[in-house]
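**Student:**
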Ligand SMILES: Cc1ncc(COP(=O)(O)O)c(C=O)c1O
């Protein structure tokens with residue numbers, strides 16, 4: 002089976018499993034897990050921030066960022082198709098008590114002007130804006146890389162209004178691999194950054210919340226406990242993350258090459274609508290014009306032929322390349338797509 006549903010479906014490599022088995026561990030709630038501490042120090046240094054907190058998931062890292070930097074009754078500015086809006090079960094409202102102010106971006110990217118317009122006036126009638134959240138790369142936007150110049154402009158708006166910025170960097174390393182910019186080039190503009198080890202980096206579990214603000218990380222640590230995310234001998238998981246960061250960052254370029262190749266193959270199929278030039282990293286979003294079959298039937302027909310993808314609403318589909326997908330499998334997938342989507 003060629004599983005293109007997500008980059009979360011990767012299996013730990015042999016090297017990673019060995020690193021996990023060898024990991025020195027302790028009780029992380031006491032701050033005594035040496036491997037967790039090493040991972041946190043490593044990631045904080047990588048982003049030139051002072052602190053990092055290991056958490057079970059990207060969702061928790063985002064939600065801790067929201068909770069630790071806002072007050073109930075505030076509003077946060079988010080892009081309308083961002084992970085925080087679509088896929089976190091309304092947690093920002095349910096757990097942090099904040100309201101989401103959606104801005105519709107272009108393939109997930111907001112402009113500084115849009116963000117500025119979304120900031121409420123500072124008067125007794127209006128809701129205070131507590132946080133501005135960006136997502137890089139942008140998942141639902143199609144793996145879009147946030148242009149650094151746009152981030153800089155948004156940051157300047159945020160500074161003028163004294164509003165902190167959070168980056169959902171679940172796939173920040175894809176942006177880093179694609180642009181060859183250092184992670185600090187992005188991270189420097191944000192008060193908090195979340196980073197996932199379990200997407201393209203290929204670790205089984207784990208994310209980090211990174212910040213130079215000690216007060217924010219200490220609040221996040223308490224909320225991590227409240228949300229049930231404080232772990233004990235988590236070093237076995239952190240070891241996988243360290244291994245992923247040491248071995249799987251530059252190879253992300255391979256996933257991007259595969260995604261671009263897949264987009265070119267899909268472009269040749271008459272029923273497919275795709276902007277291949279918009280495939281910047283490892284996510285390929287496309288439409289299929291087929292009056293006879295439902296998206297579920299198309300997904301099932303592809304599965305029957307050996308390719309798994311996700312239908313993501315309307316006529317749109319998402320295919321994601323990753324560590325366990327080879328160049329040969331991309332060619333095979335292209336042949337299967339052509340057969341199923343032209344039948
Ligand atoms: C952009 C983005 N942020 C956050 C997450 C959440 O990660 P997790 O599934 O580990 O909660 C995802 C998951 O796919 C994501 O794509």
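Numbering (this note's numbering), first residue to last: 2 to 344. Virtual Cβ for every residue (Gly too), placed ideally from N, Cα, C. Just so you know, these numbers come straight off a predicted model, no measurement behind them.
Provide the residue span of the alpha helix (DSSP H) that contains residue 150, from first to last.
**Tutor:** Per DSSP, residue 150 belongs to the alpha helix (DSSP H) from 149-162.
**Student:** Is residue 131 a contact residue of ligand 1, with contact defined as CB to any heavy atom under 6 Å?
**Tutor:** Checking the Cβ of residue 131 against ligand 1 gives no.
**Student:** Kindly give me the distance between the Cβ atoms of residue 130 and residue 164, rounded to whole angstroms, as I take these residues to be in contact under 8 Å.
**Tutor:** Correct: roughly 5 Å between the Cβ atoms.
**Student:** Which residues does DSSP list as the beta-bridge partners of residue 52?
**Tutor:** Answer by DSSP bridge pairing, in chain order: 212.
**Student:** Would residue 306 pass as a contact of residue 341 if the rule is Cβ separation under 7 Å?
**Tutor:** Taking 7 Å as the Cβ cut-off, residue 306 and residue 341 qualify as a contacting pair.
**Student:** Around the C-beta of residue 319, are 16 or more other C-beta atoms found within 10 angstroms, so that it is buried, or is it exposed?
**Tutor:** Residue 319 comes out buried.
**Student:** Quick check on residue 11: does DSSP put it in helix, strand or coil?
**Tutor:** Residue 11: coil per DSSP, three-state reduction.
**Student:** Can you name the residues that DSSP bridges to residue 104?
**Tutor:** DSSP lists 80 as partners of residue 104.
**Student:** So does the stretch 97-112 actually touch the stretch 61-75, counting three or more Cβ pairs closer than 8 Å?
**Tutor:** In short, these stretches touch, since the Cβ pair count reaches three.
**Student:** Does the beta-carbon of residue 147 have 16 or more other beta-carbons within 10 angstroms, so that it is buried, or is it exposed?
**Tutor:** The residue in question, residue 147, is buried, as its Cβ has 16 or more Cβ neighbours within 10 Å.
**Student:** Report yes if the C-beta distance between residue 156 and residue 190 is below 7 Å; otherwise report no.
**Tutor:** Yes, these two residues count as a Cβ contact at 7 Å.
**Student:** Measuring from the CB of residue 140, is there a heavy atom of ligand 1 at a distance below 6 Å?
**Tutor:** Flag set: Cβ of residue 140 near ligand 1.
**Student:** Does residue 132 come out as helix, strand or coil in the three-state DSSP assignment?
**Tutor:** Residue 132 falls in the strand class under three-state DSSP.
**Student:** Less than 7 Å separating the beta-carbons of residue 264 and residue 280?
**Tutor:** For residue 264 and residue 280, yes; Cβs fall inside 7 Å.
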